[in-house]
Structure formats: structure tokens, C-alpha cells
Amino acid sequence: MSEERYLTFALCKGRLAKQTLSLFESIGIPCAEINDPDTRKLIFVNEELKLRFFLAKGPDVPTYVEYGAADIGVVGKDIIIEENRKIYEVLDLGLGKCRMCVCGPASAARLLNGQERIRVATKYPNIAKDYFYNQKNQTVEIIKLNGSIELAPIVGLSEVIVDIVETGSTLRENGLVVLEEVCPLSARVTVNPVSMRMENERITELLQKLSTCIGG
Ligand code: PRP
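Each residue of the sequence shown is one higher than the one before, counting from 2 in our numbering.
Below is the structure:
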């Protein structure tokens with residue numbers, strides 16, 4: 002095993018990256034530079050430990066990991082399911098816990114009986130399709146949106162939405178409720194399959210440290 006090679010981490014831009022970096026810091030992997038709000042740099046190096054970090058848009062993280070441009074990616078389970086890339090999911094960090102749910106006005110509950118051909122707005126068309134077609138056996142029309150999904154049933158674009166619910170306050174403030182839960186979500190560590198073989202010792206050691214840190 003060569004200690005010369007850099008291990009590259011892809012992290013999701015935003016709150017999850019901050020939480021992940023402070024977790025890395027507590028296992029002795031500091032990367033202060035990446036937290037500098039004024040920097041336009043895209044990639045950050047820890048020369049001493051031979052590690053590199055970069056921030057990417059969430060849905061791009063599994064892509065970088067599948068192609069081996071990143072050895073390791075930290076990303077939400079929602080994105081892992083939606084993107085369906087050839088990557089290993091190796092550790093649940095327990096960060097960013099939330100739920101993927103079918104939501105809408107309470108009156109829409111009767112439309113989830115398996116018969117109605119309703120419209121479902123979502124940022125996650127694959128998750129929504131799998132849930133309605135394969136788990137509920139309900140034929141629906143999926144409408145892909147890119148954000149503020151809660152608007153859709155309010156303005157009449159769809160009857161229900163499939164979206165992430167964390168505190169539930171976005172739903173409450175817009176008069177919507179959780180109608181069904183699709184699955185629980187949290188941040189996961191993912192690994193490129195070739196990296197897992199070639200850098201097994203370093204990656205396993207890192208995963209053990211992370212796992213001990215979140216377990217205790
Ligand atoms: C997410 C999600 C919900 C909201 C849920 O949106 O799509 O809208 O957070 O959180 P809550 O239950 O704590 O209110 P995000 O803020 O990521 O922005 P988006 O609408 O652009 O997807």
C-alpha cells in the first residue's frame with residue numbers, strides 16, 4: 002500500500018459539509034481552510050495526511066465517487082437512492098436525520114388508495130416512481146421540480162408531493178401534512194469500489210475511527 006497517493010473526499014455543499022468536517026476534525030483530520038467563507042478555491046489539501054477534499058452539489062457526489070474522481074463521498078441517503086450509482090454505502094453517520102414522505106393537504110389522504118391517477122410533484126422522481134409503482138401499485142403522473150416542492154399542491158400543480166421532512170415546519174406553515182412515510186434518511190459514507198480494494202487499509206481505519214466517534 003502506498004501512503005503517497007491522496008485520498009479524495011467529495012462532500013455535499015452546505016450544512017452537511019460543515020457537520021461532516023467537524024466530525025473529521027474530531028477524529029484528527031482537520032481541514033480549516035475549507036471553512037473560509039471568502040475562498041473561491043474548489044479543492045483543499047491536507048498535505049500531512051495526504052487527503053484532499055472538495056465540495057460538490059449533492060446529486061453530483063455519487064457521480065464523482067462512481068468514476069473514482071473521489072474515493073469517498075459523504076451524501077444523503079435520499080441522493081444515494083435517487084442517483085442509483087455503482088458505489089458502496091459503508092457507514093451511516095447519523096447526521097441530517099429526516100424522512101422522505103408523501104405530503105399534501107389532509108384531504109388528499111383518500112387519493113392514496115391505489116386507484117386514483119393523481120399527480121405527484123417531487124425533486125426525487127426515481128424515489129417517487131418506485132414508491133408509487135412498485136410499493137403501492139398505484140399508477141401516478143410524476144412531475145419533476147427543483148425546489149420549494151410544497152408550492153405544488155397549494156397552487157394546484159399536483160395533488161401530493163414526495164419530499165424531505167425534517168422538522169415539519171415547512172409543511173405546517175403551508176397547511177400541509179405528512180400522509181405516508183416512504184423511508185428514513187441520514188448522511189452516509191460512500192466509497193468507490195476500486196478504491197475500497199486498493200486503499201483498503203487506510204479506508205477501513207478511517208471508517209473505524211468515524212464509527213467509534215459517532216458511536217460514543
Ligand atoms: C427541504 C425540503 C423541505 C424542507 C423540509 O427543502 O425539500 O422543503 O427542507 O424541512 P422542514 O421539515 O424542517 O421544514 P430545502 O430547504 O432543502 O430547499 P428546497 O425547497 O429548495 O428543496
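Glycine residues also receive a C-beta, built at the ideal position from the N, C-alpha and C atoms.
Please read these numbers as outputs of a predicted model, since none were measured by experiment.
Item: Check whether the Cβ of residue 150 sits closer than 8 Å to any heavy atom of the ligand PRP, and report yes or no.; Value: yes
Item: Whole angstroms are fine: how far does the CA of residue 146 sit from the CA of residue 2?; Value: Interpretation of residue 2 is limited by its pLDDT of 48, a score under 50 that renders its predicted location unreliable; no figure is taken from the coordinates.
Item: Distance check for residue 21 and residue 47, CA to CA, integer angstroms please.; Value: 16 Å
Item: Over what stretch of residues does the beta strand (DSSP E) that includes residue 100 continue unbroken?; Value: 99 to 105
Item: Taking Cβ positions, are residue 192 and residue 29 nearer each other than 9 Å?; Value: no
Item: So, helix, strand or coil for residue 164, using DSSP?; Value: strand
Item: Could you have a look at residue 174 and say whether DSSP puts it in helix, strand or coil?; Value: helix
Item: Where do the ends of the alpha helix (DSSP H) carrying residue 213 lie?; Value: 201 to 216
Item: Tell me whether residue 213 is buried or exposed, calling it buried when 16 or more other Cβ atoms sit within 10 Å of its Cβ.; Value: exposed
Item: May I ask you to check if the CB of residue 155 is nearer than 8 Å to at least one heavy atom of the ligand PRP?; Value: no
Item: Under a three-way DSSP split, which group does residue 78 fall into?; Value: helix
Item: Can you tell me which of the three DSSP states residue 62 falls into?; Value: helix
Item: Is the CB-CB distance between residue 53 and residue 24 below 9 Å?; Value: no
Item: By a C-beta neighbour count over all protein chains shown, 10 Å radius and 16 as the cutoff for buried, is residue 182 buried or exposed?; Value: exposed
Item: Can you tell me the Cα-Cα spacing of residue 136 and residue 95, whole angstroms?; Value: 26 Å
Item: So is residue 97 buried or exposed if we call it buried at 16+ other beta carbons inside 10 Å?; Value: buried
Item: Using beta carbons (cut-off 9 Å, strictly below), is residue 172 in contact with chain D?; Value: Protein chains in the displayed structure number just one, and chain D is not present.
Item: Please classify residue 195: does DSSP put it in a helix, a strand, or coil?; Value: helix
Item: Taking only the alpha-carbon atoms, compute the straight-line gap between residue 109 and residue 70 and give it to the nearest angstrom.; Value: 44 Å
Item: Which term fits residue 196, buried or exposed, when burial requires 16 or more other beta carbons within 10 angstroms of its beta carbon?; Value: buried
Item: Within 10 angstroms of the Cβ of residue 156, are there 16 or more other Cβ atoms? Answer buried if so, exposed if not.; Value: exposed
Item: Quick check: what's the CA-CA separation for residue 116 versus residue 215?; Value: 44 Å
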